[in-house]
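In what follows, a structure is listed as structure tokens, so that the remarks can point back to it.
Structure, rendered in structure tokens:
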């Protein structure tokens with residue numbers, strides 16, 4: 005068993021247990037609750053509520069397949085609580101797992117906790133960082149009685165990417181429903197800007213057990229977990245009960261890149277193509293093969309998405325991508341995410357327009373120099389945020405700088421600093437990123453026209 009160096013809790017607290025789950029339905033909602041425990045420390049009972057008052061239920065909320073999805077959702081939720089001590093044993097008391105399933109979950113947890121391990125200086129490997137103790141089963145034994153309704157579910161986070169997906173899928177408007185976790189103003193406003201009514205939104209509300217927050221305040225381990233995997237299984241459950249046959253994500257090709265060169269540590273692991281493929285394999289083997297989970301934007305990079313988004317003014321005042329400012333519905337203008345979004349959009353907006361949207365010129369903020377260096381590749385550590393590649397941002401900044409130079413306008417501090425270290429003319433002349441098309445994607449053929457519409461726009465010369 006791995007020693008998991010620098011973890012003071014592993015020897016003292018040896019077992020984490022997934023003890024059970026419940027699901028209850030009323031006319032207004034479905035409430036799912038999970039029971040976890042750390043032996044010798046405390047219990048946890050987080051819950052998730054789904055508003056079903058506006059939904060047509062096509063499949064039973066508690067059928068064997070539905071319960072299998074809920075069990076799997078609990079396996080992801082458990083990671084947030086397991087990580088407080090990272091014990092050597094994970095005991096499952098409310099479900100069965102095949103040897104293939106155990107390997108699948110270990111891969112998700114290990115890669116999804118890569119940033120957490122790195123920031124907590126924990127050294128371990130995928131093979132033995134955890135022992136999963138669960139009753140055995142044979143894959144494919146859950147009865148699949150899924151009935152389809154033809155609906156597409158579009159998860160919305162309030163950022164530019166899901167706005168682009170919503171716009172591309174307007175041709176399928178009568179079949180589209182949106183999906184949110186812990187509803188926030190930007191998400192609602194982006195959906196409204198797409199021309200949809202509130203009845204088109206599947207709203208879910210997730211709680212965190214207060215005991216975990218208490219442990220965090222006492223110095224127990226804390227850090228990033230694969231939240232997008234929670235979105236995957238929760239949206240899958242919503243797709244199942246509504247009969248939706250497609251879950252349409254907005255994850256770009258850039259999400260596949262690691263944050264630290266030469267490693268697999270990726271803040272966005274559960275948004276990656278690798279996880280997308282693994283998720284589909286797991287669902288097909290254990291639950292149903294009738295629901296497709298894919299990203300419509302996987303063929304594209306961040307620069308292409310930014311170009312397309314810039315031509316959608318109805319979203320410019322309402323979209324928000326900042327995690328730090330999300331609860332107040334503002335751009336915090338202090339984090340790497342704000343800086344990246346500002347930079348990647350900079351070549352496509354008239355001078356001053358981004359300042360109006362963000363409230364200030366982020367490329368003129370000296371205090372963001374360290375984050376800037378990581379984002380453009382001047383340092384080896386890309387900030388742990390959902391941001392694109394250095395190559396994408398470098399081209400965006402080069403194009404922005406060239407335009408400002410042509411207009412005889414002064415360069416803001418960070419942009420001037422970038423120009424002093426980079427070949428602006430050479431970068432600006434190389435526009436291959438606009439014609440890139442990532443063939444590693446799971447976009448079904450029936451969505452090919454939607455992808456083609458975007459490619460036709462972003463690949464044409466300006």
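In the working numbering, the protein residues as written are 5 to 466.
Glycine included, C-beta positions come from ideal geometry on N, C-alpha and C.
Pick helix, strand or coil for residue 252, following the three-state DSSP scheme. Counted from its first residue, the chain shown places residue 252 at position 248. Residue state, collapsed to three classes: strand.
Of the residues 208, 428 and 256, the one placed nearest residue 274, counting alpha carbons only: The count along the chain shown starts at 1 and reaches residue 274 at position 270. With distances taken between Cα atoms, residue 274 lies closest to 256.
With distances taken between CB atoms, is the gap from residue 57 to residue 32 smaller than 7 Å? Position 53 of the chain shown, counting from 1, holds the residue named residue 57. Position 28 of the chain shown, counting from 1, holds the residue named residue 32. Yes, these two residues count as a Cβ contact at 7 Å.
For residue 276, which residues from the same chain have a beta carbon less than 6 Å from its beta carbon, with the 5 sequence-adjacent residues on both sides left out? Taking the chain shown and counting its residues from 1, one reaches residue 276 at position 272. In chain order, 259 and 260 place their CB closer than 6 Å to the CB of residue 276, counting only its own chain and leaving out the 5 sequence neighbours on each side.
What are the partner residues of residue 205, as DSSP defines its beta bridges? In the chain shown, counting from the first residue as 1, residue 205 sits at position 201. 182, per the DSSP bridge assignment.
State the start and end residues of the unbroken beta strand (DSSP E) segment that holds residue 455. Counting from one through the chain shown, the residue named residue 455 turns up at place 451. Run containing residue 455: none in the beta strand (DSSP E); it sits in the alpha helix (DSSP H), 452-462.
Note down, in chain order, each residue of its chain lying with its Cβ closer than 6 Å to the Cβ of residue 53, except the 5 sequence neighbours on either side. On the chain shown, residue 53 is found 49 positions in, with the first residue counted as 1. Result list for residue 53: 33, 35 and 209, in chain order.
In chain order, what residues of the same chain have a beta carbon less than 7 Å from the beta carbon of residue 14, not counting five sequence neighbours either side? By one-based count along the chain shown, residue 14 stands at place 10. Around residue 14: 8, 89, 90, 91 and 92.
Would you mind working out which of 55, 362 and 176 sits nearest residue 343, comparing C-alpha positions? Counting from one through the chain shown, the residue named residue 343 turns up at place 339. Answer by Cα proximity: 362.
Is the distance from the Cβ of residue 94 to the Cβ of residue 20 below 7 Å? Translated into positions along the chain shown, residue 94 becomes position 90. Translated into positions along the chain shown, residue 20 becomes position 16. With contacts defined by Cβ atoms closer than 7 Å, residue 94 and residue 20 form a contacting pair.
Taking the alpha-carbon of residue 203 as reference, which of 422, 192 and 290 has the nearest alpha-carbon? Against the chain shown, residue 203 aligns to sequence position 199. Across the set 422, 192 and 290, the C-alpha of 192 shows the shortest separation from the C-alpha of residue 203.
First through last residue of the beta strand (DSSP E) which encompasses residue 302: Locating residue 302 in the chain shown gives position 298, where the first residue counts as 1. Taken as a continuous stretch (DSSP letters only), residue 302 belongs to no beta strand (DSSP E), as it is neither H nor E.
Neighbourhood of residue 26 by C-beta, 6 Å cutoff - its chain only, sequence neighbours within 5 removed: To locate residue 26, count along the chain shown from 1; it is residue 22. Counting only Cβ-Cβ distances below 6 Å, and skipping sequence neighbours, we find 37.
Can we say the stretch 358-376 touches the stretch 299-315, given the rule of at least three CB pairs closer than 8 Å? With a cut-off of 8 Å, the stretch 299-315 and the stretch 358-376 do not count as touching, because too few Cβ pairs lie within range.
Candidates 238, 140, 135 and 222, of which the one nearest residue 182 by Cα: Residue 182 sits at position 178 when you count from the first residue of the chain shown. Comparing Cα positions, the closest option is 238.
Quick check on residue 465: buried or exposed, where buried means 16 or more other Cβ atoms within 10 Å of its Cβ? Taking the first residue of the chain shown as position 1, residue 465 is located at position 461. Residue 465 counts as exposed, since fewer than 16 other C-beta atoms from the protein chains shown sit within 10 angstroms of its C-beta.
Can you tell me whether residue 267 is helix, strand or coil according to DSSP? Your numbering for residue 267 matches position 263 in the chain shown. In the three-state scheme derived from DSSP, where H, G and I count as helix and E and B as strand, residue 267 is classed as coil.
If we ignore side chains and look at the alpha-carbon of each, how far apart do residue 122 and residue 269 end up? Here the question's residue 122 lines up with position 118 in the chain shown. Here the question's residue 269 lines up with position 265 in the chain shown. Computed Cα separation, rounded: 8 Å.
Same chain, Cβ closer than 7 Å to residue 6, five either side skipped, listed in chain order: Residue numbering aside, residue 6 sits at position 2 when the chain shown is read from its first letter. A caution first: residue 6 carries a pLDDT of 46, below 50, which makes its placement in the model unreliable, though a value can still be read off. The beta carbon of residue 6 is closer than 7 Å to those of 128, 129, 132 and 133 in its chain, skipping five residues each way along the sequence.
Is residue 83 closer than 7 Å to residue 229 when the C-beta atoms are compared? The residue labelled residue 229 in the question sits at position 225 within the chain shown. The residue labelled residue 83 in the question sits at position 79 within the chain shown. Yes; because the gap between Cβ atoms is below 7 Å, this pair is in contact.
Nearest-angstrom Cα separation, counted from residue 379 out to residue 107: The residue you call residue 107 lines up with position 103 of the chain shown. The residue you call residue 379 lines up with position 375 of the chain shown. The alpha-carbon atoms of residue 107 and residue 379 are separated by roughly 34 Å.
Using DSSP bridges, identify the partner residues of residue 93. Residue numbering aside, residue 93 sits at position 89 when the chain shown is read from its first letter. Residue pairing of residue 93 in beta bridges, as defined by DSSP: 19 and 135.
Residue 397 (DSSP reduced to helix, strand or coil): Position 393 of the chain shown, counted from the start, is the residue given in the question as residue 397. Three-state result, residue 397: helix.
So residue 298 and residue 233 are supposed to be a Cβ contact under 8 Å. How far apart are they, rounded? Your numbering for residue 298 matches position 294 in the chain shown. Your numbering for residue 233 matches position 229 in the chain shown. Rounded to whole angstroms, the Cβ separation of residue 298 and residue 233 is 15 Å, and the two are not in contact under 8 Å.
Please classify residue 164 as buried or exposed, where buried requires at least 16 neighbouring CB atoms within 10 angstroms. Reading the chain shown from its first residue, position 160 is the one you call residue 164. By the neighbour-count rule (16 or more Cβ atoms within 10 Å), residue 164 is buried.
Tell me which residue opens and which closes the alpha helix (DSSP H) that residue 103 is part of. Position 99 of the chain shown, counted from the start, is the residue given in the question as residue 103. Counting along the chain, the unbroken alpha helix (DSSP H) around residue 103 starts and ends at 103-116.
Nearest to residue 206 (by Cα), restricted to the options 425, 180, 146 and 294: Here residue 206 corresponds to residue number 202 of the chain shown, with the count starting at 1. Checked all of 425, 180, 146 and 294; the closest Cα to residue 206 is 180.
Of the residues 74, 175 and 294, the one placed nearest residue 98, counting alpha carbons only: Here residue 98 refers to the residue found at position 94 when the chain shown is read from its first residue. Ranking 74, 175 and 294 by Cα distance to residue 98 puts 74 first.
Cα-Cα, which of 263, 249 and 41 is closest to residue 384? For the purposes of this step, residue 384 is taken as the residue at position 380 of the chain shown. Measuring from the Cα of residue 384, the nearest candidate turns out to be 263.
Cutoff 6 Å; reference residue 96; Cβ partners in own chain excluding five residues on either side: For the purposes of this step, residue 96 is taken as the residue at position 92 of the chain shown. Excluding positions up to five away in sequence, the list reads 22 and 138.
Please state the DSSP three-state secondary structure of residue 48. The residue given as residue 48 occupies position 44 in the chain shown. If DSSP states are grouped into helix, strand and coil, residue 48 belongs with the strands.
Whether residue 86 touches residue 45 by CB criterion (7 Å): The residue you call residue 86 lines up with position 82 of the chain shown. The residue you call residue 45 lines up with position 41 of the chain shown. Not closer than 7 Å, so no.
Starting from the Cα of residue 388, find the closest Cα among 416, 340 and 359 and give me that residue. Taking the chain shown and counting its residues from 1, the one referred to as residue 388 is at position 384. Comparing alpha-carbon positions, the option among 416, 340 and 359 lying closest to residue 388 turns out to be 340.
Note down, in chain order, each residue of its chain lying with its Cβ closer than 6 Å to the Cβ of residue 147, except the 5 sequence neighbours on either side. Taking the first residue of the chain shown as 1, we reach residue 147 at position 143. Apart from the 5 residues on each side of it in sequence, residue 147 sits with its Cβ closer than 6 Å to the Cβ of 68 in its chain, given in chain order.
Helix, strand or coil: which one does DSSP assign to residue 376? The residue given as residue 376 occupies position 372 in the chain shown. Residue state, collapsed to three classes: helix.
Our contact map puts residue 349 next to residue 437 with C-beta atoms below 8 Å; I'd like the distance itself, whole angstroms only. Within the chain shown, numbered from 1, the residue matching residue 349 stands at position 345. Within the chain shown, numbered from 1, the residue matching residue 437 stands at position 433. About 15 Å; that fails the 8 Å criterion.
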